[in-house]
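Protein chains in written order, with the numbering used here: chain A, 26 to 211; chain B, 82 to 291.
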């Protein structure tokens with residue numbers, strides 16, 4: 026006959042009918058004779074039932090919402106290599122278009138820009154107190170250019186000359202558009 | 082959790098209508114977010130119950146389930162269909178829970194009172210109308226949970242997966258990454274300890290039933 030320790034090692038297999046028929050009958054024989062092991066064999070299924078009947082808990086109502094906000098919050102940093110690979114054609118196409126556009130634009134700009142005694146370079150902003158006044162019209166208003174200075178309208182349009190509505194300024198005092206030149210003259 | 086003997090977790094769950102977990106993760110790997118949502122809906126409650134029984138704390142359990150899905154989302158391309166999806170996701174959740182347990186041990190070194198503070202964080206929902214029954218049921222829950230928490234983590238994990246969640250031994254072996262024989266031995270030892278600790282409760286229930 027088996028001792029109690031050896032029976033208890035096999036008790037789960039015995040209860041779940043996982044033992045060979047010969048081993049099963051040996052354990053069964055022991056249980057009939059041993060009240061201690063029999064009590065254990067009786068208690069285990071009851072404990073299992075109690076564990077199986079434990080109350081189920083549920084996630085909070087905003088579980089999915091929290092998860093999605095976490096995922097969407099970290100999406101840009103989690104752009105994987107596979108995703109980059111997937112969009113590689115689109116990215117390459119965009120880069121080629123950008124380079125072509127930049128190249129053509131630079132070429133045209135260089136073609137049209139005068140080389141000798143070129144125009145006075147604009148440094149800052151062309152501002153007009155009147156909203157809707159374009160850089161060209163703003164330039165046309167500037168009759169006060171000194172004789173040595175030459176202003177090119179095309180250059181003004183192509184540089185970062187900006188016409189802004191300086192509504193915070195005192196309109197009554199300053200109604201003339203201001204052009205700031207590199208040499209400091211107005 | 083309703084389950085029958087000799088029926089594995091995945092057999093029960095694959096019996097449900099709709100696409101299988103493996104079909105859903107395949108769709109999700111191709112960028113279908115709706116498939117991911119379906120997986121979240123399927124697994125959030127079972128995972129929460131697993132982690133809650135393992136850690137005994139509802140707030141931490143929900144955080145870990147969140148982390149689990151976040152990892153699934155981030156590492157979806159690492160899943161290969163050689164294993165079941167349920168095995169994969171339970172492995173992730175189990176590992177995160179064990180990490181949390183280690184972290185908790187370290188924290189305990191600094192704060193002795195923390196355990197009593199976290200115990201108050203969660204109360205089981207009221208489902209029973211009879212106040213006497215309610216008290217009895219809540220008390221039984223607490224006693225069983227305490228007995229589970231007293232088990233060493235490696236026994237605790239397998240007994241929850243087997244007797245609370247209803248996984249087969251083979252599935253548990255895949256989740257905890259230990260041989261089948263070791264899983265069976267751990268489950269048996271966990272049951273022996275639990276029946277010893279819960280003997281008074283079993284006898285009480287038995288006497289009420291008779």
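The C-beta atom is built at its ideal place from N, Cα and C for all residues, glycine as well.
Presumed contact (8 angstroms Cβ cut-off) between residue i and residue j, rounded CB distance
i: residue 27 of chain A; j: residue 55 of chain A; result: 5 angstroms
i: residue 149 of chain B; j: residue 128 of chain B; result: 6 angstroms
i: residue 130 of chain B; j: residue 125 of chain A; result: Actually they do not touch by this definition, with Cβ atoms about 59 angstroms apart.
i: residue 267 of chain B; j: residue 239 of chain B; result: 5 angstroms
i: residue 183 of chain B; j: residue 236 of chain B; result: No, residue 183 of chain B and residue 236 of chain B are not in contact; Cβ-Cβ is about 16 angstroms, not under 8 angstroms.
Length of the line joining the Cα atoms of residue i and residue j
i: residue 259 of chain B; j: residue 171 of chain B; result: 14 angstroms
i: residue 69 of chain A; j: residue 36 of chain A; result: 9 angstroms
i: residue 130 of chain A; j: residue 112 of chain A; result: 27 angstroms
i: residue 275 of chain B; j: residue 72 of chain A; result: 7 angstroms
i: residue 132 of chain A; j: residue 113 of chain B; result: 46 angstroms
i: residue 156 of chain B; j: residue 256 of chain B; result: 17 angstroms
i: residue 91 of chain A; j: residue 124 of chain B; result: 16 angstroms
i: residue 185 of chain B; j: residue 57 of chain A; result: 45 angstroms
i: residue 62 of chain A; j: residue 32 of chain A; result: 8 angstroms
i: residue 152 of chain B; j: residue 79 of chain A; result: 28 angstroms
Three-way DSSP call (helix, strand, coil) for residue i in this model
i: residue 112 of chain A; result: coil
i: residue 226 of chain B; result: helix
i: residue 100 of chain B; result: coil
i: residue 82 of chain A; result: coil
i: residue 143 of chain B; result: helix
i: residue 128 of chain A; result: helix
i: residue 259 of chain B; result: coil
i: residue 111 of chain B; result: coil
i: residue 162 of chain B; result: coil
i: residue 248 of chain B; result: coil
i: residue 303 of chain B; result: In this structure chain B extends from 82 to 291, so residue 303 of chain B is not present and cannot be described.
i: residue 35 of chain A; result: coil
i: residue 28 of chain A; result: coil
i: residue 130 of chain B; result: helix
i: residue 44 of chain A; result: coil
i: residue 177 of chain B; result: helix
i: residue 77 of chain A; result: helix
Same chain, Cβ closer than 7 angstroms to residue i, neighbours up to 5 away in sequence not counted
i: residue 117 of chain B; result: 109, 154
i: residue 282 of chain B; result: 221, 224
i: residue 38 of chain A; result: 44
i: residue 254 of chain B; result: 260, 261, 264
i: residue 145 of chain B; result: 132, 174, 177, 178, 181
Cβ-based neighbour list, residue i, same chain, cut-off 6 angstroms, excluding 5 preceding and 5 following
i: residue 278 of chain B; result: 228
i: residue 106 of chain B; result: 160, 166
i: residue 162 of chain B; result: 103
Cβ shell of residue i (< 8 angstroms), same chain only, five flanking positions each side left out
i: residue 226 of chain B; result: 134, 137
Min CB distance residue i to chain E below 8 angstroms
i: residue 150 of chain B; result: The structure shown contains no chain E; its protein chains are A and B.
Just by C-beta distance, which residues in the segment 65–87 of chain A are closer than 7 angstroms to chain B? 65, 68, 69, 71, 72, 73, 75, 76, 77, 79, 80, 81, 82, 83, 84, 85
Which residues, taken in chain order from the segment 27–39 of chain A, show a beta carbon closer than 9 angstroms to some beta carbon of chain B? Residues of the segment 27–39 of chain A that bring their beta carbon within less than 9 angstroms of a beta carbon in chain B comprise 33, 34, 35, 36, 37, 38, in sequence order.
Taking any Cβ of chain A, which residues in the segment 225–259 of chain B have a Cβ under 7 angstroms from it, in chain order? Taking 7 angstroms as the upper bound on Cβ-Cβ separation, chain A lies near residues 225, 244, 245 of the segment 225–259 of chain B.
Chain A contacts from the segment 155–180 of chain B (Cβ-Cβ distance under 8 angstroms): 155, 158
Chain A contacts made by the segment 261–274 of chain B, where a contact means CB separation under 8 angstroms: 265, 266, 268, 269, 272, 273
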